[in-house]
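Residue 400 is where the sequence shown ends in the numbering used here, and the numbering goes up by one at each step. All C-beta atoms in this analysis are idealised placements derived from N, C-alpha and C, irrespective of residue type, glycine included. These numbers were taken from a predicted model, which means no experiment stands behind them. Read through the structure below, which is laid out as structure tokens, and then see the notes.
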Amino acid sequence: MFVVTDLTFENFGFASAIVGALRAAGFVKPTPIQAQAIPHGLQGKDVLGIAQTGTGKTAAFSLPMLQAFATEKLHSRRFSTRALVLAPTRELAVQIEQEIKKFGAGLGLRTVLIVGGVSRFGQVQRMMRGADIVVGCPGRVVDLMNTRELIIDQCQFFVLDEADRMLDLGFMPDIRKVVAALPGRRQSALFSATMPPEIAKLANGLLREPVRVEIEAVASTPRKIEQSVYFAEGPEKRNLLIKLLHQPEFARTIVFTRTKRGADRVAMMLNNSKIPSAALHGNLSQNQRQRALDAFKAGEVRALVATDIAARGIDVNAVSHVINFELPNEPESYVHRIGRTARNGAEGVAVAFCDATELPYLNQIEKLTGIKMAVAGGERPRQAMPVKKPARHPDMQVRKIKPKRPQYQERRKVA
-14 MFVVTDLTFE NFGFASAIVG ALRAAGFVKP TPIQAQAIPH GLQGKDVLGI
36 AQTGTGKTAA FSLPMLQAFA TEKLHSRRFS TRALVLAPTR ELAVQIEQEI
86 KKFGAGLGLR TVLIVGGVSR FGQVQRMMRG ADIVVGCPGR VVDLMNTREL
136 IIDQCQFFVL DEADRMLDLG FMPDIRKVVA ALPGRRQSAL FSATMPPEIA
186 KLANGLLREP VRVEIEAVAS TPRKIEQSVY FAEGPEKRNL LIKLLHQPEF
236 ARTIVFTRTK RGADRVAMML NNSKIPSAAL HGNLSQNQRQ RALDAFKAGE
286 VRALVATDIA ARGIDVNAVS HVINFELPNE PESYVHRIGR TARNGAEGVA
336 VAFCDATELP YLNQIEKLTG IKMAVAGGER PRQAMPVKKP ARHPDMQVRK
386 IKPKRPQYQE RRKVA
């Protein structure tokens, strides 16, 4: 985690309850995105934040919001939501709500989590008891808006987190419905790792004279991550993965694949090899993803096999290793992947598997990071091989059977 040397959270002038909560959580110095965004948020300005996952965005937007409640700039009312935070996944929404509760523990605020995959009735009941702050995913939020069980026409603080990922997951129609229901007078913040044209267009309509704060995209990897590469082909990759994960030091490992089907196959293979594992990808329900994540956090599974989109935004402490079973085709994704380890100043290990077809990806990664990875095993291919269509697993092959024509017996005419 990056820190600004001289500035501390006490310099922002937060209410004593917030300062005490920050101190109890071990937060002393802000990260760069926090140092840039918080002062503008405290002044009531709209903020457009460009920053990667893991840079401290949650505190950057939640602390000014909580300060507004503490100073009664946001008035708490029983049947009126005053602040709304949207996140693309249930996992990220849960993390945001937990952070807000932690930072605002002494303010007596009512926070409600609105996500799919859990009891709708329970969420509605909590809403009826009053919700100062709602944190949720677009689908369930719009669902409750449609039934008038969530009313946001008096919402004074709105946050859209990981907007580019919202776009990837197809949430733009829901987001537009939410934005259309918000009052004109409000303070807003939008955070995104990238700024594609559609997100820029959304920001122009959502934010009023925003202050743009930007943390330069990560082009290098944290120094405390030990990186290495094994050169291995298909079957060798599988055997190598099993061998590594049987070693006791690989106690809590995230394994990355490029596809959802690949994640399922690798997780099944590991479980069959007596390595407790769980898959995490977008085809799973929110309940299934949450169970996989909870099991990983609790140490019930040693390996979480994930795709890039599913793992983005997941913050799990003490991840010992990250294994790139398949290299990503975008070098920036590699940096995001290995950033799941070595969190909050800890040390970590990142291992990459590379076959001859993935050599161009490895070259791009080394060019971006400026690091020539240490070779842990195998020999670097002299030239890249063309990508072959992966062979189906024997158990997953489907035989095409030509359907038989129905045979009809002619009825004899009865004279």
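- For G26, which of helix, strand or coil comes out of DSSP? What you label residue 26 is simply residue 41 of the sequence shown in a count that begins at 1. Helix.
- Query: What number of angstroms, rounded off, separates the C-alpha of V70 from the C-alpha of I200?
  - Reply: On the sequence shown, residue 70 is found 85 positions in, with the first residue counted as 1. On the sequence shown, residue 200 is found 215 positions in, with the first residue counted as 1. So the alpha carbons of these two residues sit roughly 21 Å apart.
- Query: Among E332, G93 and G124, which one has its Cα closest to the Cα of G115?
  - Reply: Here residue 115 corresponds to residue number 130 of the sequence shown, with the count starting at 1. Checked all of E332, G93 and G124; the closest Cα to G115 is G93.
- Item | Whether A68 touches I118 by CB criterion (8 Å) | Numbered from its first residue, the sequence shown carries residue 68 at position 83. Numbered from its first residue, the sequence shown carries residue 118 at position 133. In this structure, A68 sits near I118, with a CB-CB distance shorter than 8 Å.
- Message: Once DSSP output is grouped into helix, strand and coil, what is the label at T238?
- Response: Walking along the sequence shown from the start, residue 238 turns up at place 253. Reduced to three states, the DSSP call for T238 is strand.
- Item | Range covered by the alpha helix (DSSP H) that runs through V4 | Counted from its first residue, the sequence shown places residue 4 at position 19. S1 to A9 is the span of the alpha helix (DSSP H), which, as asked, contains V4.
- To the nearest angstrom, how far is it from the Cα of I405 to the Cα of R133? In this structure the chain extends from -14 to 400, so residue 405 is not present and cannot be described.
- Message: Tell me the DSSP secondary structure of S262 in three-state form.
- Response: Numbered from its first residue, the sequence shown carries residue 262 at position 277. The answer is strand: DSSP assigns S262 an E or B state.
- Message: Just to confirm before moving on: does the CB-CB distance between A335 and Q232 stay below 8 Å?
- Response: Position 350 of the sequence shown holds residue 335. Position 247 of the sequence shown holds residue 232. Going by C-beta atoms, A335 is not nearer than 8 Å to Q232.
- Just grab the DSSP bridge partners of H321 for me. Residue 321 sits at position 336 when you count from the first residue of the sequence shown. According to DSSP, H321 bridges with nothing at all.
- Message: Could you give the first and the last residue of the continuous alpha helix (DSSP H) run that contains I136?
- Response: Residue 136 sits at position 151 when you count from the first residue of the sequence shown. Here I136 belongs to no alpha helix (DSSP H), and DSSP marks it neither H nor E.
- Message: Whether or not the segment 344 to 353 and the segment 311 to 322 are in contact is what I'm after, with contact meaning three or more pairs of Cβ atoms, one per stretch, closer than 8 Å; do they touch?
- Response: Contact between the segment 311 to 322 and the segment 344 to 353 is established, with three or more Cβ pairs separated by less than 8 Å.
- Query: Which same chain residues, not among the five before or five after I239, have their C-beta less than 7 Å away from its C-beta?
  - Reply: Within the sequence shown, numbered from 1, the residue matching residue 239 stands at position 254. Closer than 7 Å at the Cβ level, and outside the excluded window around I239, lie L289, A291, A296, V304, V307 and R325.
- Message: Measuring CB atoms only, is the segment 352 to 363 touching the segment 244 to 253, in the sense that at least three cross pairs come out at less than 8 Å?
- Response: Not touching, per the Cβ criterion.
- Item | Closest residue to Q21 among D138, F(-3), E332 and S104 (Cα-Cα distance) | Sequence index remark: in the sequence shown, residue 21 carries index 36 (1-based). It is F(-3) whose Cα lies nearest to the Cα of Q21.
- Task: Note down the Cα distance separating A53 from T38, rounded to an integer number of angstroms.
- Result: As a working mapping, residue 53 is identified with position 68 in the sequence shown. As a working mapping, residue 38 is identified with position 53 in the sequence shown. One C-alpha to the other measures close to 25 Å.
- Query: From what residue to what residue does the beta strand (DSSP E) around I210 run?
  - Reply: Here residue 210 refers to the residue found at position 225 of the sequence shown. Run containing I210: I210 to F216, per the beta strand (DSSP E) assignment.
- Nearest-angstrom Cα separation, counted from D279 out to I227: Residue numbering aside, residue 227 sits at position 242 when the sequence shown is read from its first letter. Residue numbering aside, residue 279 sits at position 294 when the sequence shown is read from its first letter. Taking the straight line from one Cα to the other gives about 23 Å.
- Message: According to DSSP, is F142 part of a helix, a strand, or is it coil?
- Response: Here residue 142 refers to the residue found at position 157 when the sequence shown is read from its first residue. Note: F142 maps to strand in three-state DSSP.
- Classification of A264 by the beta-carbon crowding that lies within 10 angstroms, buried from 16 upward: Mapped onto the sequence shown, residue 264 falls at position 279. So A264 counts as buried.
- Since I believe S177 is in contact with R147 (beta carbons under 8 Å), could you give me their beta-carbon distance rounded to a whole number of angstroms? Stepping through the sequence shown from its first residue, residue 147 is reached at position 162. Stepping through the sequence shown from its first residue, residue 177 is reached at position 192. Here the sequence assigns Glu to residue 147, which means Arg is not the residue at that position. So it is a contact: roughly 7 Å between Cβ atoms.
- Query: Are the CB atoms of S262 and R243 nearer to each other than 8 Å?
  - Reply: Position 277 of the sequence shown, counting from 1, holds the residue named residue 262. Position 258 of the sequence shown, counting from 1, holds the residue named residue 243. With contacts defined as CB atoms closer than 8 Å, S262 and R243 fail to qualify as a contacting pair.
- Item | Option in R8, S270, L145 and V320 with minimal Cα separation from I184 | Here residue 184 is taken as the residue at index 199 of the sequence shown, counted from 1. Taking only the C-alpha atoms, the option nearest I184 is L145.
- Given P182 as reference, the closest of P195, G41 and M157 once Cα atoms are compared: One-based indexing of the sequence shown puts residue 182 at position 197. The residue with the shortest Cα to Cα distance from P182 is M157.
- Message: Which complete alpha helix (DSSP H) runs does the segment 111 to 194 hold, if anything under 4 residues is left out?
- Response: List check, alpha helix (DSSP H) in window: 123 to 131, 148 to 153, 157 to 166 and 182 to 191.
- Do the segment 23 to 30 and the segment 95 to 110 meet, that is, are 3 or more Cβ pairs less than 8 Å apart? Between the segment 23 to 30 and the segment 95 to 110 there are fewer than three inter-stretch CB-CB distances shorter than 8 Å, so the stretches are not counted as touching.
- Query: Between which two residues does the beta strand (DSSP E) carrying A361 extend?
  - Reply: In the sequence shown, counting from the first residue as 1, residue 361 sits at position 376. Here the beta strand (DSSP E) through A361 covers A359 to G362.
- N272 lies in the alpha helix (DSSP H); which residues open and close that run? Against the sequence shown, residue 272 aligns to sequence position 287. N272 -> alpha helix (DSSP H) spans Q271 to K282.
- With a Cβ-Cβ cutoff of 8 Å, do P366 and F216 count as a contact? Here residue 366 refers to the residue found at position 381 of the sequence shown. Here residue 216 refers to the residue found at position 231 of the sequence shown. Yes; because the gap between Cβ atoms is below 8 Å, this pair is in contact.
- Go through its chain and collect everything with a Cβ distance to Q19's Cβ below 7 Å, but skip five positions before and after it. Residue 19 sits at position 34 when you count from the first residue of the sequence shown. Correct list, in chain order: G41, A44 and A45.
- Have a look at P168 and L175 and give me their C-alpha separation to the nearest angstrom. For the purposes of this step, residue 168 is identified with residue 183 of the sequence shown, where counting begins at 1. For the purposes of this step, residue 175 is identified with residue 190 of the sequence shown, where counting begins at 1. Approximately 16 Å, taken between the alpha carbons.
- Query: By Cβ distance, which residues of its chain are closer than 7 Å to F310, with the 5 residues on each side in sequence left out?
  - Reply: Start at 1 with the first residue of the sequence shown, and residue 310 comes out as number 325. So the qualifying residues of the chain are K222, L226, V240, F241, T242, V251 and F338.
- Which value, in whole angstroms, describes the spacing of the CA atoms of R161 and G284? Mapped onto the sequence shown, residue 161 falls at position 176. Mapped onto the sequence shown, residue 284 falls at position 299. Those two C-alpha atoms are separated by around 39 Å.
- Could you check if G26 is buried or exposed, using at least 16 other CB atoms within 10 Å of its CB as the buried criterion? In the sequence shown, the residue the question calls residue 26 occupies position 41. Buried.
- Query: How would you label Q110, buried or exposed, when you count the other beta carbons within 10 angstroms and need 16 or more for buried?
  - Reply: In the sequence shown, counting from the first residue as 1, residue 110 sits at position 125. Classification of Q110: exposed, given that the 10 Å Cβ count is below 16.
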